[in-house]
Amino acid sequence: MLCFLHTSADELRNQQPSLLDTLCSGSYLDVEKTARWFGAVFKNAWKCVPLSAACRLNAVHFKRSCRFQLTPMIQRTFLIDVMFGVQQGNTDIFLSSQESEAAYTPSTAWPQTCAVAEAKFFKHVAARAGEDSFHLGCLKVCAYILVGYNFSTHELKTVLMHLLTAIPVECWNRRHLVQRMEDILRYLQCCVEEKRLDHFLIGNKAVPAEIILPWEFRVSVPPSLFQRVARDPDRHEQALYETEMLRDRNSADKWEMTDFHLSHSRARWMWRRRSSVIIHQMSCACLSAA
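Heads up: the sequence shown begins at 1 in the UniProt record's numbering, then just goes up one per residue.
This is the structure:
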């Protein structure tokens, strides 16, 4: 397969079969065609990986993504979900194969995602925080207590990111868990009362400079994630009620990390590390097969 960036249009057009036909619809990169192509290349490349002798691979093709089921001979089955993204310039913002919030997403539409920039922000915080930092633990606990309420994990994550730039990192350890939980829910409640929760990465001077954003992100007015709350009085009233309930629930509960939770986290970390090795091997094999 010839490179899109370093090959002339004529050479690309003359490939058999044409790469443009394989991956594109008209002049646009097609998500669904890309997913089908990647799934086929991945399965062929799997045969070249030594691990294939010890693991069985089953591939499930979705319209805009791929899922691979790895079943080792003596261990439980693991699932690897693969999403696709196109970098926007040289920034940390990408165009993603994920579905948009619209009822219908055309196969040539790649919604913008800030997932990489957000991950880079949390990595920046982790580098400055101590080993006892519990900011991600706060996010997990909040996500747990939000089950059954109308707030999304993205809204919760946005609140946490705003607070991580406002509260010193040394104040995010386990000793301060109860206070930080209260801060998160109080900030959420204030945003609901004001009917506004600013996007974290757009128009925010507190974003670390090492996170590379498009120029328009830096100079634009941040959009609100609570536009629906602002437009709908009934939704606003319900959100106010839920934030009050959440704060009452947080005050009544005690959040403790048990040895079981810690050992479970270590086990998941070990699998993530092993998965990274497998994916790296598969990436090399895919390049060779292509």
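Even glycine gets a Cβ: it sits at the ideal position worked out from N, Cα and C.
Query: Round the Cβ separation of I211 and A117 to the nearest angstrom and send it over; I've been treating them as touching at under 8 Å.; Result: 5 Å
Query: With a 10 Å radius around its C-beta and 16 neighbouring C-beta atoms as the bar for buried, classify V60 as buried or exposed.; Result: exposed
Query: List the endpoints of the continuous alpha helix (DSSP H) containing C138.; Result: H135 to I145
Query: Buried or exposed, going by whether 16 or more other CB atoms sit within 10 Å of the CB of C66?; Result: buried
Query: Using the C-alpha atoms, what's the distance from M73 back to F62?; Result: 26 Å
Query: Could you check where the alpha helix (DSSP H) with Q179 kicks off and where it finishes?; Result: L177 to E194
Query: Measure how close the beta-carbons of L156 and A143 come, nearest whole angstrom, since I'm counting them as under 8 Å.; Result: 6 Å
Query: Could you check if H6 is buried or exposed, using at least 16 other CB atoms within 10 Å of its CB as the buried criterion?; Result: exposed
Query: Roughly how far, in whole angstroms, is the beta-carbon of A35 from the beta-carbon of S97, given that I think they are within contact range, below 8 Å?; Result: 7 Å
Query: On the CB-based measure, 16 or more other CB atoms within 10 Å of its CB, does N14 come out buried or exposed?; Result: exposed
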